[in-house]
Structures are given as C-alpha cells and as structure tokens.
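Every position in the sequence shown, counted from 1, becomes a number in the numbering used here once 3 is added.
Here's the structure we're looking at; comments come further down.
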Amino acid sequence: MTKSAVKVLCIVGARPNFMKIAPLMRVFNKQDSGIDARLLHTGQHYDAAMKASFFDQLDIPEPDVDLGVGSGSHAVQTSEIMARFEPELDAWNPHLVLVVGDVNSTIACALVAVKKGIAVVHVEAGLRSFDRDMPEEINRVLTDQISSLLFLTEKNAEDNLAREGINLDNVYFVGNVMIDTLLMNRQKAIPAEQTLQKFGDFPGQVDSAEGFGLVTLHRPSNVDDPVTLKRLLETIVEVSRTVPVVFPVHPRTRHRIDESGLGDLLSGGRVLVSPPLGYLELLGLMDSARVVLTDSGGIQEETTALGVPCITMRENTERPITVTEGTNTIVGSDPVRIMNAFRDVIETGGKAGRIPALWDGRAAERIASSILKWAEG
Ligand code: UD1
4 MTKSAVKVLC
14 IVGARPNFMK
24 IAPLMRVFNK
34 QDSGIDARLL
44 HTGQHYDAAM
54 KASFFDQLDI
64 PEPDVDLGVG
74 SGSHAVQTSE
84 IMARFEPELD
94 AWNPHLVLVV
104 GDVNSTIACA
114 LVAVKKGIAV
124 VHVEAGLRSF
134 DRDMPEEINR
144 VLTDQISSLL
154 FLTEKNAEDN
164 LAREGINLDN
174 VYFVGNVMID
184 TLLMNRQKAI
194 PAEQTLQKFG
204 DFPGQVDSAE
214 GFGLVTLHRP
224 SNVDDPVTLK
234 RLLETIVEVS
244 RTVPVVFPVH
254 PRTRHRIDES
264 GLGDLLSGGR
274 VLVSPPLGYL
284 ELLGLMDSAR
294 VVLTDSGGIQ
304 EETTALGVPC
314 ITMRENTERP
324 ITVTEGTNTI
334 VGSDPVRIMN
344 AFRDVIETGG
354 KAGRIPALWD
364 GRAAERIASS
374 ILKWAEG
C-alpha cells in the first residue's frame, strides 16, 4: 500500500451487510487499488448462522476489529456500538468511514464518525419506504443526512435525497453491490436438492414436479405481534398445500414462535423448517424456487436479479425498482392478498421483469473509483 492511499474503515454489523461489503473489500484489497481498507464488525449479528458462514462463503477477510456488541434494545445496541467504536476510530484515524444498508450499526458508526470530522460514505443510500415505524427507515434517513458520499442502487432514489435537501453533487448512481455478490456466486450456489435433503426434505406427500416455494419472515411488524404471526404462519401452511415450502427461520422469528407457542402450527402442512441458512444455500434455493414469499429487503432485489417471482409481505418497499422493473409484488400481511398473489404466480408464472440498470456486477468498482476521485478533489 502506498503512503498516499485513501484510508477507508469499512463497517459491517448484521447479516444483510455481509453480502454488500464482500465485493467492496475484494476491490479495495486489490494491489494498487489506491485504497487502504480495514474491516470493523460491530458484532450486532454474532452467531455462526448469522455471521461466520457468510464470512467463509463470501471470502470476506476476518475483521480487523470486532466490537462484540451482541443483541439488545435499539438504544442499548446503538449506544454500545457508538461507545465501543469511538476508540477504534481514534486509533486508526481513517480518511473515510464506509457504511452499508440501514441497520443499527450503519447509523451508530456514521454518527460517531461525522462528529469527529471524518467523512462518511453510505452505500445503498436514498432508499425510502416512507414508513417511519420501521427502524431501518430512521437509520436510512439519518445516515444519508450525515454522509459526504452517497451511492445509489437505483436512480430514482436521487429524488428522495433531493427532497430531503441533500447536495446531489455528492450522490452517485453506481448499481447494486449485493448483486455484485449474487453474480459472483451464482455458479457456486449449493444446489437446492442438497439443502432440502440436509434438513430432512418436505414433510407429507411431495412430487418433485411440484417445485417448491421459499419463505422468509423476520420484520418486527410481522413477527412481534402473535396475532399477525399466527395469521402469517397459517398462510404459509395454506401455500404449502399447493406447493411445498421451505422456511429458514430467523432468530427473531424463532423466539417469537416459541414464546407464543405457535410451533405446532407449521407441522400441519408441507413446510420444511430449517435454521437460518448460509448465503450459498439460500441463493441455491432462491434460484430454483417457483415463488419466494418474504419480508426481507435484500431478497426483493435478489429475486429480481434472478428473475424469480417474489411476493413481499409488507405494506411498502424502499426498493420500488423491484416492483416497476423486477419480479416483485407488494401484498402486505393480509392472508387474502397473499393467497391471491400466490395463485396468480402459480397460474401465470408471475411477473417476467427485467434486470435494472447497472445491476451488472461492477458496482464495487464504480464505488472505488468515485472514492479515489473524491480523495483527489
Ligand atoms: C436486523 C436489522 C434488519 C435486518 C436483519 C437481518 C436493525 C434495526 N435491523 O434485524 O434491518 O433485516 O437484522 O437479519 O438493525 N440474534 C441471534 N443471533 C444473532 C443475531 C441476533 O440469535 O447472531 C437474535 C437476537 O438476540 C434478537 C433477534 O435475533 O433476539 C433479532 O436480532 P437484531 O439484530 O436485534 O435484529 P434483527 O431483527 O435481526
């Protein structure tokens, strides 16, 4: 690394960050990239299923620093990250702190950096669900306000930033780093049959010609209220009567199911329940699924890139391009709307969709060149 390299401290914290940081670290760590990058993990997600398998499968270098914060309320988690991050920032004193996405680690580290006069780079800026009940929406709005360089996955996100008074001179539409990771790993994905077998295959009578559906569910608005959660689990069972379903259960959802004693509900259908899966397992399942039902942000984009129909069990999306150009349909958490959208996919094959502009596997390269230009100017 040359003396004049730009020092960039890259932050990850939670599962959806890992696939976004992987291509950036790869590009930054190339010889003569002009960027001296270090990786800091806040420890927001810590167990093997939520962290270690992603680092291994995506070839992310071991973090230079792990703050080990773990779980807690939003206030505890965010403040704990801030307090532990500050001395690490002082110790290395980078030119830039780079944050991705919209999790608590994103806003916590951005806030510490900006108050120390260190410029913040936000990757995946400008997305808005316009739903301030979502903790992620608060994190997005605040992080964008204090960032000096903002990188967009979809062009229309610029309008959101303009409306919020952000100087568009520092905003660059570069494409989607998560899709960089998807394209790089698609050939390496673990075949769906292998993953299904590993977890004991679908219960009940299943003909392989039926294909399968994939479900993920973890938003507080869907899983924290037992009435809503029960309704959604019943809907998953209903879906499984037409197409068997694989359901990797997020830790938050697992806790809520256990707390409310709803575990037995799922055994009423053809639902294969598994622990959270690694990236390559999930990618293999997504790529072969007939339909994906989810409340995840990232999966809406990944299914669009793969051309697989996606039914989003949320009232809104911060990623509108997945609806206007991709394969995504937003239905909320009402069972009738979910089932209607599901039947439509089964009857028609679902929306065809097209790949959004610049979702071409080169977003991380574009980000690296913009960072170098910023540093020169
Ligand atoms: C967080 C992000 C959300 C993201 C999601 C993906 C915020 C505000 N939310 O939500 O945007 O979509 O991650 O997973 O940052 N847990 C474990 N093991 C772990 C991590 C968490 O068991 O490795 C448990 C925690 O103890 C907690 C629950 O899972 O009970 C939720 O974890 P938390 O990080 O608080 O939020 P998520 O719901 O995962």
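Where is the CB? At the ideal position from N, CA and C, for every residue including glycine.
Whole-angstrom distance between residue j and residue i, CA atom to CA atom
i	j	result
Pro278	Trp95	37 Å
Thr45	Gln208	44 Å
Val382	Asn173	Because the chain is modelled from 4 through 380, residue 382 falls outside the range shown and cannot be assessed.
Ser291	Ile193	11 Å
Gln34	Ala40	12 Å
Arg189	Glu284	11 Å
Ala86	Gln80	10 Å
Thr320	Asn163	14 Å
Ala8	Gln148	27 Å
Ser2	Glu379	Because the chain is modelled from 4 through 380, residue 2 falls outside the range shown and cannot be assessed.
His253	Phe215	19 Å
Phe137	Val144	Reading the sequence as shown, one finds Met at residue 137 and not Phe. Their Cα atoms are separated by approximately 11 Å.
Ile302	Leu288	12 Å
Cut-off 7 Å between Cβ atoms - residues of its own chain near residue i, not counting five sequence neighbours on either side
i	result
Trp377	Leu152
Glu328	Gly356, Arg357 and Pro359
Arg255	His221 and Val226
Own chain, CB closer than 8 Å to residue i, minus 5 neighbours either side, in chain order
i	result
Thr146	Val102, Asp105, Thr109, Ile110, Ala113, Val123, His125 and Ala128
Glu161	Gly129, Leu155, Leu171, Val174 and Phe176
Selected residue, minimal CA-CA separation from residue i, among the options
i	options	result
Gly310	Glu91, Val295 and Pro26	Val295
Thr156	Thr351, Gly356, Thr325 and His48	Thr325
Leu186	Glu304, Pro206, Phe250 and Ala17	Glu304
Ser243	Glu91, Phe202, Gly272 and Asp347	Gly272
Arg18	Asn343, Leu288, Leu280 and Ser372	Leu280
Ala25	Glu65, Gly287, Ala52 and Asn319	Glu65
Asn32	Cys13, Gly75, Pro247 and Ser76	Cys13
Leu286	Asp67, Glu350 and Glu196	Glu196
Asp210	Thr184, Ile239 and Thr245	Thr245
Leu42	Asp50, Glu91, Asn331 and Ser36	Glu91
Ala78	Gly16, Asn107 and Leu375	Asn107
Cβ shell of residue i (< 6 Å), same chain only, five flanking positions each side left out
i	result
Pro251	Ser277, Pro279 and Leu280
Asn343	none
Looking at C-beta atoms only, is the number of pairs between the region 173-184 and the region 357-373 that lie closer than 8 Å three or more? Segments in contact, yes.
Using 8 Å as the cut-off, can you tell me whether the region 368-376 makes contact with the region 330-337, which would need three or more C-beta pairs spanning the two stretches below that distance? no
Ranges of the alpha helix (DSSP H) found wholly within the region 355-379, counting only runs of at least 4: 366-379
Does the pairing of the region 232-243 with the region 251-270 give three or more beta-carbon distances under 8 Å? yes
So within the region 320-359, which uninterrupted alpha helix (DSSP H) runs reach at least 4 residues, ignoring any that extend past its ends? 324-327 and 338-351
Would you list, in sequence order, the uninterrupted alpha helix (DSSP H) runs of no fewer than 4 residues that lie entirely inside the region 189-264? The qualifying runs are 195-201, 223-226, 229-245 and 254-262.
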